[in-house]
Amino acid sequence: MLHTISAFDRLGEENAFAVLARATALAQQGRDIVNLGIGQPDFKTPQHIVEAAIKALRD
């Protein structure tokens, strides 16, 4: 079961990199960490989303 800490609700952008560093360190120690933070997706953006974004920029 996924548990989040209450401090997660108060997280601001200024702390995001610190949280990422801590999560990475915990994962390297073998802890089971679900990274919901900064990064790039491991899949391409679906074409219909790309087309909608282009259309929105042009309109």
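In this note's numbering, the protein residues as written are 79 to 137.
Backbone N, C-alpha and C define an ideal beta-carbon position, used for all residues, glycine too.
Reduced DSSP category for V97 - H, G, I as helix; E, B as strand; rest coil
Three-state DSSP puts V97 in a helix.
Once the 5 residues before and after A105 are set aside, which same chain residues still bring their CB inside 7 Å of it?
I111, listed in sequence order.
Expected contact under 8 Å - CB spacing of A101 and N113 to nearest Å:
The beta-carbon distance between A101 and N113, rounded to whole angstroms, is 6 Å. This is short enough to meet the 8 Å contact definition.
Roughly how many angstroms separate the alpha carbons of A96 and G117, rounded to a whole number?
So the alpha carbons of these two residues sit roughly 14 Å apart.
For Q125, does the three-state DSSP call read helix, strand or coil?
Three-state DSSP puts Q125 in a helix.
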